[in-house]
Amino acid sequence: MASDRGYTILLSHLHRPVSNLPLSTIQGALAHYLATTHPLPTPLAATAITSPFYLSQPFTYEKLLSFCTAFRHATHLKHEALVDAAKTRSKVQSLLGRSMQSAMGQWVTDVIQGVHGGHPVLRLTACSGLLWGVEDLRVGKKGKGGTDVGTARFGVEDETVVALAEVMDTYAHSFASGSSTTGVEEWEKEFQPAGQDILSLALIFASQSLPLVTDSKVKALPLSILARLLTSTISSTFKAGTFLSSVSASVTLSAEHQVHISQSSPLSQTLQSLSSSPLTTSIASISRLTAYILALLIDDPSSSRLNEGMDTISDTLEVLRTISKTVEHDWISCPLASATDADIASDSKDITKSIWTTLKTLLFAMIMLGEEVLSTTVYLPPGSSDITPASIALQILNTLSHMSFVISEFGGVTTTTKGFEHLKKTFYLALDILAQGDGEHGDAGLKAEAYVQQACFALNSQRAETAAASPRQAKQAFVLASIEQLVPVISDKCIRNWVWGICYPHLSDPSHRETYESAHSVILAIFAAHAQRQQQHLAGDNSSEFLRYAAKNPVTSTASKAKYLTDQQCNVSILSAVMKCDNETKSKNVGTGGEGTVRQPITSHEAAVSATFVQRMVPFYSKCLIENSADGKLNTSQLRLAYAALVRSASVSTFPTTAAPGDKHTLAWYCVQMLLNAIHSLTPAVKNSKGKEKARDQQNTDRLHRLHLMLIATVSSLPLSLMLLALDEIRVLITAYAPDDSGADASAGEGAPQKAELLAALFSELVEKTGDREKEAAIHWWYKYRPTLVPEPVAEDGKGTRAGWLWRPKGYEKRGDLQAAKGAGEESQQNPVLPRL
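All the letters of the sequence shown, read from the start, carry residue numbers 1 to 837 under UniProt numbering.
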């Protein structure tokens with residue numbers, strides 16, 4: 001190798017602090033000779049790590065990256081050289097010679113011996129490159145198997161951990177001692193290493209290699225100190241959230257009254273420094289390592305350092321919350337918050353794009369940390385640490401709340417389309433943990449209630465801080481989505497004093513769709529939670545309730561008990577339907593209504609107050625849903641689900657100890673009657689309209705059809721006695737579709753599609769959604785009135801047409817009376833299946 005002129009030139013440039021050769025040339029030469037030097041690469045590795053070229057201060061990211069890449073590429077080159085050599089060997093040489101794994105392992109060991117004892121930053125950089133190269137070989141190329149270097153990898157991992165530990169000892173002493181370098185005396189600074197940015201550069205390379213090291217070896221490091229270092233690095237990457245502090249001073253109005261940001265403005269310079277920083281380009285790996293370290297701190301609940309780990313996690317999340325709060329404050333107070341794309345000058349759009357890129361990068365980093373932490377804390381046993389998982393979840397929700405104006409760019413947290421899945425997972429997991437509370441039996445939603453009050457207060461405060469509608473609407477949607485999941489564990493007092501005031505202004509305002517729909521979802525969650533609490537109270541007081549009932553109805557003890565138990569069975573059936581509808585309305589159910597999250601049994605007084613509040617809400621919300629049946633508001637599916645849930649809740653909203661037996665379901669029928677009144681008020685307008693009112697009449701027709709479907713959706717939510725009354729009203733409405741002149745049903749007329757949809761919805765409601773107790777009566781009702789609802793047209797040959805068979809159950813024979821239909825369809829009554837289905 002001494003005669004190799006290229007090797008000699010490489011050594012000469014390595015011994016110079018500054019070289020006139022491009023960095024890529026030295027990198028390539030170093031990788032080549034590390035892979036091909038004979039007999040050992042150890043001397044060259046030792047020369048490179050102690051060379052003035054790489055040791056010259058200050059360290060730069062480009063030079064360290066070149067050094068790391070050289071060792072990674074050298075691993076690939078050595079492997080390729082061994083593969084080529086194996087092709088030229090004879091079978092005897094292959095059998096007696098060293099295997100590929102053994103040869104690569106020995107080469108890796110020789111390189112590690114060469115870098116041993118060098119500068120800790122360069123050692124960490126070299127080991128990172130070598131570890132990545134070894135990992136590349138293990139994975140292998142596409143379609144080919146990998147090569148494992150065996151125990152030699154353990155040596156690389158050991159050296160990586162030791163090098164990082166030395167870097168922390170040298171450059172992070174202030175974090176270990178709990179002090180800050182800002183307060184160090186001048187004489188003490190003289191003894192500190194030059195260039196404090198060295199620590200950040202070292203952490204960049206550690207973030208790329210440390211996840212490849214075995215967990216047990218990583219745990220040998222002072223993880224709490226390392227986590228604080230990484231958190232500080234993330235904070236400095238985004239300038240502690242102050243990178244938008246100069247927005248207001250940098251924004252001007254152009255002659256065309258558009259927002260203009262000069263390229264020489266403070267904001268532009270700040271964004272330029274952020275985008276060019278190696279920390280920004282490496283923030284993904286730094287955040288991933290931070291999340292990994294935080295998870296390691298608490299992965300063993302029996303560990304003695306669990307409290308220390310939870311403290312570190314809490315401190316990290318507090319830093320992120322402070323950053324997000326600063327960013328939110330600067331954003332809502334700047335002109336860009338209320339500017340649309342058309343309001344921004346064309347020469348300033350690149351700058352605004354850079355702003356949003358930075359904001360989204362910050363959100364990604366927060367989500368990465370939050371998701372990993374929550375996924376680990378969820379397995380901690382109750383009472384295992386002073387800082388609880390619910391406290392951690394609360395910090396994460398507060399952080400995300402501050403970033404809601406960025407989250408809205410991804411469609412928010414309630415979007416049903418495929419979007420930012422990790423965001424949704426973090427959001428709903430945090431809500432689930434918060435709803436579970438602290439302790440073995442939960443804390444009865446105390447932390448959840450505190451969060452709701454704080455979030456509602458923040459919304460009210462933000463109205464006074466900014467006039468920009470976009471960030472305020474985004475935060476409203478976020479808060480409402482949070483409250484919806486926490487309703488089952490917060491008190492009725494909190495709902496009355498805080499939640500209702502947040503929802504009410506948005507129930508009839510569809511201008512911001514996410515907020516509008518979230519407000520309705522919260523109201524429905526309130527009704528569902530109230531029904532659950534009423535049933536919980538009722539189940540805990542069954543015996544005393546029965547005694548009061550029997551005293552008021554002294555018929556016979558057996559009759560009283562039978563009627564009472566029948567009523568209870570009906571209520572339980574209604575309750576299960578309420579929860580089923582609630583699950584259908586929001587597919588992202590996080591289980592906040594499950595076991596362990598339900599509040600403690602409420603007293604009779606609390607239940608009575610709650611019932612009174614809900615009873616007052618039912619008439620209002622019934623009217624509200626009817627008003628929202630107009631075009632451009634809630635769609636048909638939303639209206640049907642919402643009104644059915646309202647009726648279910650109204651059926652159990654009357655407090656059982658104060659309601660007379662005849663008044664038990666008054667509110668449920670009130671909702672039905674409100675709907676019937678609205679239908680009757682629109683019907684004349686549809687029938688008598690003509691001329692210029694045709695367009696408006698079409699809107700009325702569509703709305704009337706939605707109201708019909710809403711009425712049908714309530715059938716399965718009503719108790720048996722009210723269900724039959726509602727079915728009679730529905731029969732009148734459907735039969736109002738007049739037959740045509742030929743005597744055929746309206747299915748051939750102008751209202752054919754609407755009537756067919758009503759019949760299909762009604763049949764589905766009766767067969768699929770009614771309870772076992774009501775299904776028998778529903779099927780009997782259907783058989784009785786099917787000829788009226790679906791009269792059979794007669795063809796010219798006197799036989800029934802295909803339309804007449806459309807609504808027949810299997811086994812139905814063509815007979816003219818109800819008894820024949822019931823006799824022939826005896827079996828189908830048990831399992832009514834339509835040919836069309």
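All residues carry an ideal CB built from backbone N, CA and C; glycine is no exception. Nothing here was measured: the structure is a model prediction, and the numbers come from that model.
For residue i, three-class secondary structure by DSSP
i	result
VAL406	helix
ILE261	strand
ALA746	Per-residue confidence for ALA746 stands at a pLDDT of 41, beneath the threshold of 50, marking its modelled position as unreliable; the derived number appears in the next sentence. Three-state result, ALA746: helix.
ILE9	helix
LEU40	coil
VAL18	coil
VAL167	helix
ILE730	helix
PHE613	helix
ASP4	coil
ARG153	helix
SER66	helix
ASP148	coil
GLU584	Confidence at GLU584 is low in this model, with a pLDDT of 38, below 50, so its placement is unreliable and no value can be given for it.
SER248	helix
ILE490	coil
ALA577	Note that ALA577 scores a pLDDT of 37, beneath 50, so its modelled location is shaky and nothing firm can be said.
THR592	Any answer about THR592 is weak, because its pLDDT of 36 lies below 50 and its placement is not dependable; what the coordinates show is given next. THR592 falls in the coil class under three-state DSSP.
LEU507	coil
ASN635	coil
ASP628	Sequence inspection shows Asn at residue 628; the Asp mentioned does not correspond to that position. Coil.
VAL790	coil
CYS334	coil
GLY816	Low confidence applies to GLY816: its pLDDT is 39, below 50, so where it sits in the model is not reliable, and the reading given next is rough at best. Here GLY816 sits in coil by DSSP.
Below-7 Å beta-carbon distance, residue i vs any chain D residue
i	result
ILE779	You won't find chain D in this structure, because it holds only one protein chain.
Check: residue i C-beta below 6 Å from any heavy atom of the ligand PLP
i	result
LYS769	Of ligands this structure carries none, so the ligand PLP is not represented either.
Residues that DSSP places opposite residue i in a beta bridge
i	result
LEU253	VAL259
ILE344	VAL259
Spatially closest choice to residue i from the options, by CA coordinates
i	options	result
ALA227	LEU317, LEU21 and SER717	LEU317
ILE387	ILE734, ASP315, PRO719 and ARG472	ASP315
LEU667	LEU682, SER717 and PHE238	SER717
ILE9	LEU23, SER649, ALA29 and VAL18	ALA29
LEU434	ALA736, VAL489 and VAL247	VAL489
ALA81	ARG138, LEU34 and ALA45	LEU34
CYS701	GLU517, ALA152, LYS219 and ILE679	Rather than Cys, the amino acid found at residue 701 in this sequence is Thr. That would be ILE679, whose Cα lies nearest to the Cα of THR701.
ILE313	THR109, SER209, GLN395 and ALA713	GLN395
VAL251	LEU229, ALA85, ALA345 and PHE613	ALA345
PRO335	HIS257, LEU271 and TYR379	HIS257
PRO719	PHE763, LYS775 and LYS755	LYS775
PHE478	ASP492, GLU157 and HIS512	HIS512
Contact under 7 Å by Cβ, residue i with residue j
i	j	result
VAL452	CYS503	no
GLN113	THR214	no
HIS506	ALA525	no
LEU212	GLU135	yes
MET403	LEU459	no
PRO278	TYR428	no
VAL247	LEU267	yes
ILE286	THR233	yes
ASP712	GLU768	According to the sequence as given, residue 712 is Ile; it is not Asp. Cβ atoms of ILE712 and GLU768: not closer than 7 Å.
ILE49	VAL115	yes
Between the segment 372–389 and the segment 279–299, do three or more beta carbon pairs fall short of 8 Å? Yes, the segment 372–389 touches the segment 279–299.
Is there contact between the segment 46–55 and the segment 7–16, where contact requires at least three CB pairs shorter than 8 Å? Enough Cβ pairs lie closer than 8 Å, so yes.
For the pair the segment 335–345 and the segment 416–426, tell me if three or more CB-CB distances fall below 8 Å. No, they do not touch.
Inspect the CB distances between the segment 344–356 and the segment 483–501 and report whether three or more fall short of 8 Å. The segment 344–356, when compared against the segment 483–501, does not touch it at the 8 Å Cβ threshold.
Between the segment 155–167 and the segment 195–207, do three or more beta carbon pairs fall short of 8 Å? Touching, per the Cβ criterion.
Using a Cβ distance threshold of 8 Å, determine whether the segment 59–78 contacts the segment 123–135, with at least three qualifying pairs required. Three or more pairs of CB atoms, one per stretch, sit closer than 8 Å, so the segment 59–78 contacts the segment 123–135.
Check whether the segment 324–331 touches the segment 398–415, taking contact to mean three or more Cβ pairs, one atom from each stretch, closer than 8 Å. Yes, since at least three Cβ pairs between the segment 324–331 and the segment 398–415 fall closer than 8 Å, the two stretches touch.
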